[in-house]
Amino acid sequence: MAATVSCADCRTAIAQSQSFFGTDGSTLCARCHAMREAHAQVERGRAAAYEEAAAYRGAVGLVVQAVKRGQADDEATRHHADLAAIRAAGPRAAEPQPCHRCGVAVAPADIHYALDGQTLCRACSITYDAAAERKKIEGNLWFGLALGFSLSFVGVAVVHALGRPPGEKRGALVGAGVGAIFMLVALRVVGAMAR
862 MAATVSCADC RTAIAQSQSF FGTDGSTLCA RCHAMREAHA QVERGRAAAY
912 EEAAAYRGAV GLVVQAVKRG QADDEATRHH ADLAAIRAAG PRAAEPQPCH
962 RCGVAVAPAD IHYALDGQTL CRACSITYDA AAERKKIEGN LWFGLALGFS
1012 LSFVGVAVVH ALGRPPGEKR GALVGAGVGA IFMLVALRVV GAMAR
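Written out as structure tokens, the structure is:
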């Protein structure tokens, strides 16, 4: 039989192999350990904001420092209150999630995920085409390359203005760069021929 210990924060009995130690040496369950780490992360964020505010100098810098530190304190207080509310609410029971494709309720242990984060049941995950989904998410590199090459930096602006997928944006930049290099080489050749 595994030895059990008591969590210092919530007094829950946990297996010794599943316990964590706090910075003060106390024994903690996984949930309380995560909560302490979250509170510590909030304080690290506050300290980083204070350090950033200290970079401002002069009379105006003092005002900016006071404002930034006040904002950091307000934000840290909000985050600590949110964490306290999460702790008071207790752990959420695992509920079945609907499959994004067929709508069947799926137990949490049987959930599969698509690349875009949608939940899938086992049957839908078998027929799921990850390569097609990746292409849909990332976009067509060749379309962006053709647009950037043919329209140069105007094509890049069009692709970005239309909010196209990242693959097309990357392709447009590469196409514009290749087009600019071709244009420079052509101008050099024409310039050399004109002499």
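Just so we're aligned, residue 862 is where the sequence shown starts under the working numbering, counting upward by one.
Each residue gets a CB set at the ideal place from its N, CA and C atoms; glycine is no exception.
First and last residue of the uninterrupted alpha helix (DSSP H) at residue i
i: A950; result: G919 to A950
i: T988; result: R983 to T988
i: V1035; result: P1027 to A1055
i: S1011; result: L1002 to L1012
i: Q902; result: A891 to A914
i: E999; result: A991 to E999
8 Å CB neighbourhood of residue i in its chain, flanking five on each side removed
i: A937; result: V903, E904, G906 and R907
i: L998; result: The question names Leu, yet the displayed sequence has Ile at residue 998. Within the same chain, I998 has close Cβ partners L976, D977 and P1026.
First through last residue of the beta strand (DSSP E) which encompasses residue i
i: I875; result: A874 to A876
i: S867; result: T865 to S867
Contact set for residue i: own chain, Cβ-Cβ below 6 Å, skip 5 residues either direction
i: C871; result: C893
i: A1033; result: G1005, L1008, G1009, G1016, V1017 and V1020
i: V1046; result: none
Nonlocal neighbours in the same chain, by C-beta distance under 7 Å from residue i, ignoring five residues either side
i: I972; result: Q958 and T980
i: I875; result: T865, V866, C868 and C890
i: A942; result: none
i: A1041; result: S1013
Among the options, nearest to residue i - alpha-carbon criterion
i: A955; options: A1053, V965, V921 and A970; result: A970
i: R1031; options: M1054, F1043, L1002 and A966; result: L1002
i: G931; options: A945, S880, A920 and A910; result: A910
i: G1024; options: G1000, F1043 and G1038; result: G1000
Chain B contact for residue i (CB, 9 Å cutoff)
i: T888; result: In the displayed structure, chain B is absent; only one protein chain is listed.
Quick one: any contact between the stretch 953-969 and the stretch 977-994, if contact means 3 or more CB pairs under 8 Å?
Using a C-beta cut-off of 8 Å, the stretch 953-969 makes contact with the stretch 977-994, since at least three inter-stretch Cβ pairs fall below that distance.
With a cut-off of 8 Å, do at least 3 Cβ pairs link the stretch 983-990 to the stretch 1012-1020?
At 8 Å Cβ cutoff, the stretches do not touch.
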